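Chains as they are written, first to last, in my numbering: chain A, 454 to 645; chain B, 23 to 352.
Each residue gets a CB set at the ideal place from its N, CA and C atoms; glycine is no exception.
Given the structure is predicted, the values throughout are model-derived calculations rather than measurements.
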């Protein structure tokens, strides 16, 4: 799998596992979801522009610092001064001296989210993903088992991955998000 | 950075297409390497997609799924029994809040109105007998009667209403505004004899002090001041500001400091006052937690060099010679 490089695995295990924190922090600084997402994406891109990524002692803290620096750059260019942001940026203290202990590649809550999402997928999509990823069957055998073409398997799996990527980027229910969800849930219950 | 959000989503889709094609042996690897190495953005997005891909193959996730399949199967067998129980438990939880405030008056012959109120700085959700909800902002009071209709009175303050469908029309009453509400989400705020009814979803047929009813559609607000009524469309940003209190936030969007302080004071037992009159002109933006006025005061100091001190039961703002946050000027 030449297409999966060392930096991709390093990124998955040491940076992306903290994606929720990166997004939360970016949102805290930028206040607007679009701008926050832009900060996170730009920070990740900066990591991939480096040659010395392997030497970064604490990739998570390092990423947080890039996000902050990008926020400050934007903040300086902004026309309206948002005083809460200035306070937030001034108050930031990410300890990036100490390396993170070797964390498990995926924490438990994340694991449950992945399992939840896979479970809620449309059955055919789920079956294709399950056979390919969990049972590890080659695409041709998945196609045979499901009695569909290989290109249909590919389509199912692309859709499944799209669903997972989108859903996992959303904030986990916490604090305000949870509160809003409660109202929304109440709203949904009513329309049933 | 110029790329917008669409570009981001589009990039994600491209990365997904590449990855799955590569996994299925259907991709031109050289073309892929050229695509990826053209822009660190692409490399980063591809790595994010690959990270999610790796998770789907995680053995622990697989174990979790197998476990759940077993649970689901046994649940399915008991579905008939399990479903109603779940619902009634939820309904019970919803009913408890209403009972807690309503029980006292429910059994009285007269008045048959139940009510709930909040103190300054308090916020609470009341589950109404029909499953609708009212969320009371600071220093507010509502009453309701649901025996031969669905009537709710906003007597003071501000209330968000989440109305569910029902056989009988839902009517909300207040001094400035009376309205019939469809299922949807509303916010009614009373202030100085006037009022404001915001329709986030659904619609309202509103009458102002007995005048003819007017229709207020979603994303519109009806404002009544000194007897004059006006309906206008509100942008999503204004809706976000008007409803920020529902999740404990207060948003200032280029507001003058005297107005911002008046807004914050609704939530504070000890009121903030301006020590220097000229401070009023300062304009500010920002989001704050209602529960953390200290952050607001600290931000005023950091951002504008405006200090604060307690004076009896007041908090006085004054022009301090403190440092302006270096970030404000560049």
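- Think of a sphere of 9 angstroms around the beta carbon of residue 54 of chain B: the chain A residues whose beta carbon falls inside it are 456, in chain order.
- Of the residues A:588, A:581 and A:597, the one whose Cα lies closest to the Cα of residue 613 of chain A is A:581.
- Listed in chain order, the alpha helix (DSSP H) elements of length 4 or more contained wholly in the region 51-86 of chain B are 51-59 and 62-78.
- Using a CB distance below 8 angstroms, the part of the region 269-289 of chain B facing chain A consists of 269, 270, 271 and 276, ordered along the chain.
- Around the C-beta of residue 611 of chain A, 16 or more other C-beta atoms lie within 10 Å, and the residue is accordingly described as buried.
- Residue 138 of chain B is outside the set of residues whose beta carbon lies under 8 angstroms from a beta carbon in chain A.
- Secondary structure of residue 256 of chain B (DSSP, three-state): coil.
- Pairing residue 182 of chain B with residue 202 of chain B gives a Cβ-Cβ distance that is not under 8 angstroms.
- With its beta carbon at least 8 angstroms from every one in chain B, residue 518 of chain A lies outside the interface.
- In terms of Cα proximity to residue 479 of chain A, the closest of A:489, A:472 and A:485 is A:489.
- The Cβ atoms of residue 328 of chain B and residue 342 of chain B sit closer than 8 angstroms to each other.
- With a cut-off of 8 angstroms on Cβ pairs, the region 54-73 of chain B is in contact with the region 457-466 of chain A, counting three or more such pairs.
- Within chain A, 586, 587 and 589 have C-beta atoms less than 8 angstroms from the C-beta of residue 79 of chain B, given in sequence order.
- It is roughly 27 angstroms from the alpha-carbon of residue 515 of chain A to the alpha-carbon of residue 317 of chain B.
- In terms of Cβ geometry, residue 185 of chain B and residue 230 of chain B do not form a close pair [threshold 8 angstroms].
- Taking C-beta separations shorter than 8 angstroms and ignoring five residues to either side along the sequence, the partners of residue 140 of chain B in its chain run 146, 158, 159, 160, 161, 162, 163 and 179, following chain order.
- In summary, the residues of the region 467-485 of chain A whose CB is separated from some CB of chain B by less than 9 angstroms are 468, 469, 470, 472 and 484, in the order they occur in the chain.
- Around residue 71 of chain B, the beta-carbon contacts reaching into chain A at under 8 angstroms are 614 and 618.
- Less than 8 angstroms separates the beta-carbon of residue 187 of chain B from that of residue 205 of chain B.
- Secondary structure within the region 242-314 of chain B: the alpha helix (DSSP H) runs of 4 or more consecutive residues, fully enclosed, are 258-265 and 279-287 (chain order).
- When C-beta distances to chain B are compared with 8 angstroms, the residues of the region 500-516 of chain A below that value are 500, 501 and 502, in chain order.
- Membership of residue 200 of chain B in the beta strand (DSSP E) is indicated by the continuous run 199-203.
- For a cut-off of 8 angstroms, the C-beta gap from residue 339 of chain B to residue 273 of chain B is around 20 angstroms, too long to register as a contact.
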